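Sequence lines, in order, name chains A and B. Take the first sequence: its letters are residues 13 to 125, numbered as in the working numbering. Take the second sequence: its letters are residues 2 to 117, numbered as in the working numbering. Glycine included, each C-beta is placed from N, C-alpha and C at the ideal position. Just so we're clear, the structure is a prediction, and the values are computed from it rather than from any experiment. This report concerns only the one structure given below.
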Amino acid sequence: RKEVEQDPGPFNVPEGATVAFNCTYSNSASQSFFWYRQDCRKEPKLLMSVYSSGNEDGRFTAQLNRASQYISLLIRDSKLSDSATYLCVVNRPQGSGTYKYIFGTGTRLKVLA
Amino acid sequence: GAGVSQSPSNKVTEKGKDVELRCDPISGHTALYWYRQSLGQGLEFLIYFQGNSAPDKSGLPSDRFSAERTGGSVSTLTIQRTQQEDSAVYLCASSRIQGTLENGYTFGSGTRLTVV
Chain A
13 RKEVEQDPGP FNVPEGATVA FNCTYSNSAS QSFFWYRQDC RKEPKLLMSV
63 YSSGNEDGRF TAQLNRASQY ISLLIRDSKL SDSATYLCVV NRPQGSGTYK
113 YIFGTGTRLK VLA
Chain B
2 GAGVSQSPSN KVTEKGKDVE LRCDPISGHT ALYWYRQSLG QGLEFLIYFQ
52 GNSAPDKSGL PSDRFSAERT GGSVSTLTIQ RTQQEDSAVY LCASSRIQGT
102 LENGYTFGSG TRLTVV
């Protein structure tokens with residue numbers, strides 16, 4: 013089992029739709045969680061951090077479920093420009109106060125006109 | 002610098018040749034990471050630097066791969082005797098002190114390596 017797992021998609025949704033992605037992680041000691049966005053042939057860019065209480069940034073909402081060890085990303089009112097691959101990132105403690113970021117392989121979203 | 006800078010942006014090399022990829026992290030970022038991303042694949046961790054030391058080299062695929070970092074800043078990833086399977090985008094990222102919740106990584110735009 014991979015340490016961070018995502019449905020690769022693609023998720024094809026019409027403009028204006030609401031879409032949600034989940035990401036599961038296996039290390040219960042993980043403490044930090046992020047969603048990154050990667051456009052085709054570009055570098056990944058931080059979309060948002062995921063906090064225990066859940067957080068919202070405009071049309072994007074991220075949530076963390078520690079008991080079930082998954083994080084989610086909800087996109088409301090999808091825009092064509094939201095088409096990208098969304099990477100789930102989990103921070104794995106390695107001892108001595110050091111950490112390592114583990115990336116999922118990403119979920120591809122296509123928003124259709 | 003303002004962002005993470007990688008050079009060259011593209012590199013085409015003949016099988017068997019050595020290549021050097023450079024990463025200049027954001028000023029003040031003590032942590033530096035190298036990843037590899039093959040076409041249509043996820044990010045594959047290669048090596049991590051904290052300052053000039055590399056506490057985690059576990060992702061380097063073979064002894065043909067090596068990396069160093071000097072002055073706590075610029076890092077160089079060297080691939081010796083390149084093979085076609087080394088073709089990928091090599092991404093460098095940096096971050097401030099590890100473990101800060103509000104910081105993820107900042108990535109450079111990558112070096113696209115093609116071995117022919």
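| request: Would you verify that the beta carbon of Phe-115 (chain A) is, or is not, closer than 8 Å to some beta carbon of chain B? | output: The residue labelled residue 115 (chain A) in the question sits at position 103 within the first sequence. Interface flag for Phe-115 (chain A) against chain B is set, since a Cβ pair is found closer than 8 Å.
| task | Flag Ser-64 (chain A) as yes if its beta-carbon sits less than 8 Å from any beta-carbon of chain B, otherwise no. | result | The residue you call residue 64 (chain A) lines up with position 52 of the first sequence. Chain B, which has no Cβ nearer than 8 Å to the Cβ of Ser-64 (chain A), makes this no.
| message | So the candidates are A:Leu-99, A:Lys-91, A:Thr-110; which of them puts its Cα closest to the Cα of Val-25 (chain A)? | response | As a working note, residue 25 (chain A) is residue 13 in the first sequence. For the options A:Leu-99, A:Lys-91, A:Thr-110, the alpha carbon positioned closest to that of Val-25 (chain A) is the one of A:Lys-91.
| Would DSSP call Gln-81 (chain B) helix, strand or coil? | Against the second sequence, residue 81 (chain B) aligns to sequence position 80. The answer is coil: DSSP assigns Gln-81 (chain B) none of H, G, I, E or B.
| request: Identify every run of the beta strand (DSSP E) within the segment 2-77 of chain B, keeping only runs that are complete inside it and at least 3 residues long; order them along the chain. | output: Runs of the beta strand (DSSP E) inside the segment 2-77 of chain B: 6-8, 11-14, 20-25, 32-38, 44-51, 54-57, 66-70.
| message | Counting only C-beta atoms, is Val-31 (chain A) closer than 8 Å to chain B at any point? | response | Your numbering for residue 31 (chain A) matches position 19 in the first sequence. Chain B, which has no Cβ nearer than 8 Å to the Cβ of Val-31 (chain A), makes this no.
| task | Could you confirm whether any beta carbon from chain A is found closer than 8 Å to the beta carbon of Leu-114 (chain B)? | result | What you label residue 114 (chain B) is simply residue 113 of the second sequence in a count that begins at 1. Leu-114 (chain B) does not count as touching chain A.
| said: Give me, in chain order, the residues of the same chain whose beta-carbon lies closer than 8 Å to that of Pro-20 (chain A); leave out the 5 immediate sequence neighbours on both sides. | reply: Counting from one through the first sequence, the residue named residue 20 (chain A) turns up at place 8. Non-local C-beta neighbours of Pro-20 (chain A) in its own chain, meaning closer than 8 Å and more than five positions away in sequence, comprise Thr-117, Gly-118, Thr-119, Arg-120, ordered along the chain.
| query | When you compare only the Cα positions, how much space is there between Ala-32 (chain A) and Trp-35 (chain B)? | reply | Along the first sequence, read from residue 1 onward, the residue named residue 32 (chain A) stands at position 20. Along the second sequence, read from residue 1 onward, the residue named residue 35 (chain B) stands at position 34. Between the alpha carbons of Ala-32 (chain A) and Trp-35 (chain B) lies a distance of about 30 Å.
| request: Output the distance between the C-alpha atoms of Thr-71 (chain B) and Gln-38 (chain B), rounded to the nearest integer angstrom. | output: Within the second sequence, numbered from 1, the residue matching residue 71 (chain B) stands at position 70. Within the second sequence, numbered from 1, the residue matching residue 38 (chain B) stands at position 37. For Thr-71 (chain B) and Gln-38 (chain B), the distance between alpha carbons rounds to 25 Å.
| request: Under 8 Å between beta-carbons, which chain A residues line up against Gln-42 (chain B)? List them in chain order, please. | output: Looking up residue 42 (chain B) in the second sequence gives position 41. Neighbours of Gln-42 (chain B) on chain A, chain order: Thr-117.
| query | Per DSSP, what kind of secondary structure is Glu-17 (chain A) in: helix, strand or coil? | reply | For the purposes of this step, residue 17 (chain A) is taken as residue 5 along the first sequence, with counting starting at 1. Annotated three-state conformation of Glu-17 (chain A) is strand, per DSSP.
| query | Are there 16 or more other CB atoms within 10 angstroms of the CB of Leu-102 (chain B), so buried, or fewer, so exposed? | reply | Position 101 of the second sequence, counted from the start, is the residue given in the question as residue 102 (chain B). Low confidence applies here, because Leu-102 (chain B) scores a pLDDT of 45, under 50, leaving its location unreliable; read the following figure in that light. When all chains shown are included, Leu-102 (chain B) counts as exposed.
| query | Any Cβ of chain B within less than 8 Å of the Cβ of Lys-122 (chain A)? | reply | Within the first sequence, the letter at position 110 stands for residue 122 (chain A). No, its Cβ sits nowhere closer than 8 Å to a Cβ of chain B.
| said: Against chain A, with Cβ distances strictly below 8 Å, would Phe-108 (chain B) count as a contact? | reply: The count along the second sequence starts at 1 and reaches residue 108 (chain B) at position 107. Proximity of Phe-108 (chain B) to chain A, defined by a Cβ-Cβ separation below 8 Å, is satisfied.
| task | Starting from Asn-39 (chain A), trace the beta strand (DSSP E) both ways and give me its first and last residue. | result | For this step, residue 39 (chain A) is matched to residue 27 along the first sequence. For Asn-39 (chain A), there is no enclosing beta strand (DSSP E), as DSSP marks it with neither H nor E.
| field | Residue of B:Gly-105, B:Gly-111, B:Ser-74 minimising C-alpha distance to Gly-52 (chain B) | value | Residue 52 (chain B) sits at position 51 when you count from the first residue of the second sequence. Taking only the C-alpha atoms, the option nearest Gly-52 (chain B) is B:Ser-74.
| Quick one: what's got a C-beta closer than 6 Å to Pro-56 (chain A)'s C-beta in the same chain, skipping five residues either side? | Numbered from its first residue, the first sequence carries residue 56 (chain A) at position 44. Closer than 6 Å at the Cβ level, and outside the excluded window around Pro-56 (chain A), lie Tyr-48, Gln-50, Leu-99.
| query | What residue ranges within the segment 93-121 of chain A form continuous beta strand (DSSP E) runs of no fewer than 3 residues, ordered along the chain? | reply | Runs of the beta strand (DSSP E) inside the segment 93-121 of chain A: 96-107, 110-115.
| In whole angstroms, what separates the C-alpha of Phe-115 (chain A) from that of Ser-64 (chain A)? | One-based indexing of the first sequence puts residue 115 (chain A) at position 103. One-based indexing of the first sequence puts residue 64 (chain A) at position 52. Whole-angstrom Cα-Cα distance: 19 Å.
| Between the CA atoms of Leu-47 (chain B) and Ser-59 (chain B) - distance to the nearest angstrom | Here residue 59 (chain B) is taken as the residue at index 58 of the second sequence, counted from 1. Here residue 47 (chain B) is taken as the residue at index 46 of the second sequence, counted from 1. Going from the Cα of Ser-59 (chain B) to the Cα of Leu-47 (chain B) covers about 7 Å.
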